[in-house]
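Written out below as C-alpha cells is the structure these notes cover.
Residue numbers (this note's numbering): 4 to 321.
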C-alpha cells in the first residue's frame, strides 16, 4: 500500500509540472502569456516565455480567475493564489414540495338573494333612500302650496298619493289671488278715519286706495263740515294698535309733500314715554318706526312700541 501512495504522489507532481510547462497565463485585460511559472511572491508572478525571455512582473490583481485556479494547484504559487480564488458556489436545487389539493366536501350555503332594482330598493339602504325622496317630495309640495296660495293639506295629500306629479299639477295651475281679510277692529278704525274732510272738488282730484280711504271719504262727504269738525281725535295704546297700517289708513294726508288747504292747520301730537313730538308731516315710515317732521323742519324718529298716545288737533289748540 505504501508503494501505491508513492506512485500516486509522483504522478500528481508530474501532472502539476506538465501543467506548469507551456501553460497559458491569462490576464483580465485579455493578454495571454504562454510559458512556465518562473517566480511567485507577494508582488505577483514572473513567467518564462516560450521564447526564453521573461515577462514583466504580473500583479495578482491582473490575473483572471481561471489563471488563479491554475496557480492555486502549483506548490510554488499556492499560498499566494489560493486566497484570491473565489470559491465555487454550488447551486443546490431543493425539490419543490408538492402541496396536495384536497377536494372540498362541505360548502357554506349562501343565501339566495335576488338581484335587480327592486331588490336593491327593498334593502335597508334602499328603504332609507325611498323615505328621503318621499319627504323631499312632501317638502316640495309644501313650498308649491305656499307659492301658489293653495291649501297645504290638499297639495301635500295629493303629492303623497302621486309623488312629484301631485305638486307639478298645482305648479302648472295659475296662482290664486289672495283675498284680503280685514278684522273687525281694523274695519272700525278705518271707518273712523280722522283725515281732514275736504270739499267735493278736492276729494275728487285724487281718489284714495283701499277700503279705509273709501270709508274716510264717504264719512267726510257725509259730514260736510269744516276742517276742525270732531277735533281733537285721541288714540290711546290699548284701544289702538300703533303700526304702519294705522298711520297709512288714518293719516294719509300727512304723507303728502304738499298738504291740502284743509289739512294745512292740522298737526299730530305723539306722546312717547316722557317726551312728546308735534308733527306737521310724516316724512317716512318703516315696519318698526315712523319719522315725523316738526314745524321747525326737524325730523324725529319714534318707535311704535314707545308710542302711548296719538292726537290729531289744530295747531293752535292747546
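Here a beta-carbon is modelled for each residue, glycine too, at the ideal position from N, C-alpha and C. Note that this is a predicted model, so its numbers are computed, not measured.
Distance between residue j and residue i (C-alpha atoms, nearest Å)
i	j	result
residue 261	residue 267	9 Å
residue 130	residue 309	56 Å
residue 327	residue 66	Absent from the model: residue 327. The displayed extent of the chain is 4 to 321, so no value can be given.
residue 165	residue 179	22 Å
residue 83	residue 103	54 Å
residue 298	residue 233	23 Å
residue 273	residue 241	15 Å
residue 313	residue 148	41 Å
residue 316	residue 253	13 Å
residue 123	residue 132	10 Å
residue 280	residue 245	15 Å
residue 235	residue 177	49 Å
residue 319	residue 263	18 Å
residue 278	residue 292	16 Å
residue 303	residue 243	22 Å
residue 136	residue 159	14 Å
residue 134	residue 120	16 Å
residue 116	residue 99	43 Å
residue 322	residue 90	Because the chain here runs from 4 to 321, residue 322 falls outside it and cannot be looked at.
residue 288	residue 247	7 Å
residue 206	residue 152	Its pLDDT being 38, under 50, residue 206 is placed unreliably in this model, and the coordinates cannot settle the point.
residue 173	residue 139	16 Å
residue 105	residue 64	58 Å
residue 290	residue 300	23 Å
Coil, strand or helix - residue i by DSSP
i	result
residue 351	Residue 351 is absent from the structure shown; the chain starts at 4 and stops at 321.
residue 272	strand
residue 277	coil
residue 33	coil
residue 51	strand
residue 320	coil
residue 267	coil
residue 302	strand
residue 80	coil
residue 96	coil
residue 115	coil
residue 68	helix
residue 75	helix
residue 57	strand
residue 104	coil
residue 254	coil
residue 160	helix
residue 127	helix
residue 132	helix
residue 152	coil
residue 248	helix
residue 139	helix
residue 177	coil
residue 89	coil
residue 230	With a pLDDT of 43 at residue 230, under the threshold of 50, the modelled position of that residue is not reliable, and no figure is offered here.
Distance between beta carbons of residue j and residue i, contact taken as under 8 Å
i	j	result
residue 145	residue 157	No, residue 145 and residue 157 are not in contact; Cβ-Cβ is about 11 Å, not under 8 Å.
residue 71	residue 88	5 Å
residue 285	residue 250	6 Å
residue 79	residue 40	6 Å
residue 305	residue 275	5 Å
residue 37	residue 53	5 Å
residue 295	residue 269	That pair is no contact at about 13 Å.
residue 45	residue 60	Contact doesn't hold; Cβ gap of about 11 Å is too wide.
residue 141	residue 163	7 Å
residue 43	residue 73	Incorrect: roughly 12 Å between the Cβ atoms, too far for contact.
For residue i, the residue or residues it bridges with in DSSP
i	result
residue 285	295
residue 38	26 and 52
residue 243	240
residue 312	239 and 274
residue 43	48
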